[in-house]
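Student: Numbering (UniProt numbering), first residue to last: 1 to 325.
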Amino acid sequence: MPRPRRTQISLEDTPWYHCCSRVTRRAMLLGDDKFTGKNYDHRRDWVESQLLKLAGVFAIDVAAYAVMSNHLHVVLYIDIETVNRWSDRTVVEQWHKLFNGTEITQKFAKGEVIEEQQVAKLKHLIATYRSRLCDISWFMRCLNEPIARKANIEDNCTGHFWEGRFKSQALLDEAAVLACMAYVELNPIRAKIVDTLENSDHTSIQLRVNAALKGEQPTQLLPFIGDERLNQPKGINFTLKDYLELVDETGRVIRDDKRGSISKNCTKILTRLNISSDNWIKLTSEFGKLFHGPVGETQSLTRYCEHLQKRRRHFSKSCQHFQAD
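1. Which residue wins for smallest C-alpha separation from residue 22, given the options 161, 216, 12, 307?
2. Does DSSP classify residue 169 as helix, strand or coil?
3. Please return the same chain residues whose Cβ sits closer than 7 Å to the Cβ of residue 93, not counting the five positions on each side in sequence.
4. Counting Cβ pairs, one atom from each stretch, are 3 or more of them under 8 Å apart for the region 200 to 220 and the region 42 to 60?
5. Tell me which residue opens and which closes the beta strand (DSSP E) that residue 77 is part of.
6. Using a threshold of 8 Å, state whether the C-beta atoms of residue 19 and residue 83 are closer than that.
7. Between which two residues does the alpha helix (DSSP H) holding residue 266 run?
8. Looking at C-beta atoms only, is the number of pairs between the region 246 to 257 and the region 185 to 197 that lie closer than 8 Å three or more?
9. Below 8 Å, how does it come out for the region 295 to 311 and the region 198 to 205: are there three or more Cβ pairs, yes or no?
10. If you reduce the DSSP assignment to three classes, tell me which class residue 254 lands in.
11. Indicate the three-state DSSP secondary structure (helix, strand or coil) for residue 1 in the structure shown.
12. Kindly identify the DSSP beta-bridge partner or partners of residue 22.
13. To which residues does DSSP link residue 61 through a beta bridge?
14. If you drop the 5 nearest sequence neighbours on each side, which residues of the same chain put their C-beta closer than 7 Å to that of residue 242?
15. Tell me the rounded alpha-carbon separation between residue 9 and residue 171.
16. By the DSSP assignment, the alpha helix (DSSP H) with residue 108 in it spans what residues?
17. How is residue 54 classed by DSSP in three states: helix, strand or coil?
18. For the putative contact between residue 175 and residue 275, defined by C-beta atoms under 8 Å, what is the C-beta separation to the nearest angstrom?
19. For residue 1, is the classification buried or exposed, using 16 other Cβ atoms within 10 angstroms of its Cβ as the cut-off for buried?
20. Have a look at the DSSP bridge pairing and note the partners of residue 213.
21. Just verifying my parser: in three-state terms, what is the DSSP assignment at residue 279?
22. Identify whether residue 113 lies in helix, strand or coil by the three-state DSSP scheme.
23. From 237, 43, 180, 48, pick the residue whose C-alpha is nearest to that of residue 292; which is it?
24. From residue 151 to residue 114, what does the alpha carbon distance come to, in whole angstroms?
25. Between the Cα of residue 144 and the Cα atoms of 43, 237, 77, 79, which residue gives the shortest distance?
26. Kindly indicate which residue of 149, 119, 91 has the alpha-carbon position closest to the one of residue 104.
27. In whole angstroms, what is the alpha-carbon distance linking residue 189 and residue 255?
28. If you draw a straight line from the C-alpha of residue 13 to the C-alpha of residue 39, how long is it?
29. Assuming residue 150 is part of the alpha helix (DSSP H), what are its boundary residues?
30. What is the residue span of the alpha helix (DSSP H) that residue 90 lies within?
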């Protein structure tokens with residue numbers, strides 16, 4: 001039986017989460033439907049555009065994503081500090097980018113005077129919007145529902161397009177985050193759809209590679225900021241160059257389907273994370289099989305389970321892969 005979302009998400013333990021949504025009724029996000037011969041590649045554009053739009057609305061950053069034929073993966077960072085710093089007006093303006101709000105919030109956004117008896121209601125609405133703008137369930141709802149409506153219109157049918165619940169798992173430390181990101185971004189290569197990162201359409205890694213060629217980073221994605229000891233804004237505490245080299249070489253090993261280790265030139269991140277090359281290949285190849293719940297080193301998983309009073313530590317044996325041999 002699925003667990004309530006509130007028992008899976010704990011911002012006190014981690015702001016990082018991996019989410020996955022799958023389509024139902026033999027629906028297609030892209031590619032050719034072998035039963036009808038119809039091509040659905042354009043639906044990936046819908047998903048990617050909506051995902052990147054939401055990254056500019058919610059106080060939730062997108063670290064990695066991949067839109068596949070019948071499912072999508074996304075790695076999210078919940079920025080609770082930013083949403084708490086937003087002024088009331090900013091909260092309302094952000095919410096109105098997606099929803100009309102109410103007559104009161106519309107008046108507030110326009111700078112009109114709010115009657116005294118409506119102030120309490122306005123404050124309640126703003127608090128509700130602030131909470132939703134850092135809520136993964138609302139983020140995924142705003143991602144999936146518009147796609148479902150457009151697909152149903154296109155298919156001339158009604159009913160569920162996505163499975164009822166998206167899956168989410170907590171990423172408890174930076175080793176789990178990096179392994180999950182690489183696993184997500186290597187989906188097309190693992191599925192033998194493409195051979196290179198730059199050809200991996202509708203993935204975050206393609207955005208990063210294309211931006212890196214210009215000496216930049218994609219503004220829609222959470223950036224890599226290098227050494228965590230530097231006084232940097234929020235971001236992923238590794239260099240983009242090291243990450244791209246590591247994922248590229250990992251993809252070559254996975255694509256060629258041969259046992260091999262990562263070269264010494266690409267092990268900077270692995271050395272810092274204390275993960276062996278073989279374990280890294282295992283994690284990025286079989287992440288979805290190894291973990292169906294929270295992910296992290298043994299100590300991280302133990303703290304998370306104790307905090308949420310979980311008696312069973314599912315897939316705890318897989319934690320051994322987050323270490324050197």
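Every residue gets a Cβ at the ideal spot worked out from N, C-alpha and C, and that includes glycine.
All values derive from a computational prediction rather than experimental measurement.
Tutor: Let me lay it out:
1. 161
2. strand
3. 109
4. yes
5. 71 to 78
6. no
7. Looking at the DSSP string, residue 266 is not in any alpha helix (DSSP H), and its letter there is neither H nor E.
8. yes
9. no
10. helix
11. Because the pLDDT at residue 1 is just 43, under 50, the model does not fix this residue reliably, and the value given afterwards should be weighed accordingly. If DSSP states are grouped into helix, strand and coil, residue 1 belongs with coil.
12. 71
13. 77
14. 268, 269
15. 10 Å
16. 103 to 109
17. helix
18. 6 Å
19. Its pLDDT being 43, under 50, residue 1 is placed unreliably in this model, and the coordinates cannot settle the point.
20. According to DSSP, residue 213 bridges with nothing at all.
21. helix
22. coil
23. 180
24. 40 Å
25. 43
26. 119
27. 6 Å
28. 43 Å
29. 136 to 155
30. 88 to 96
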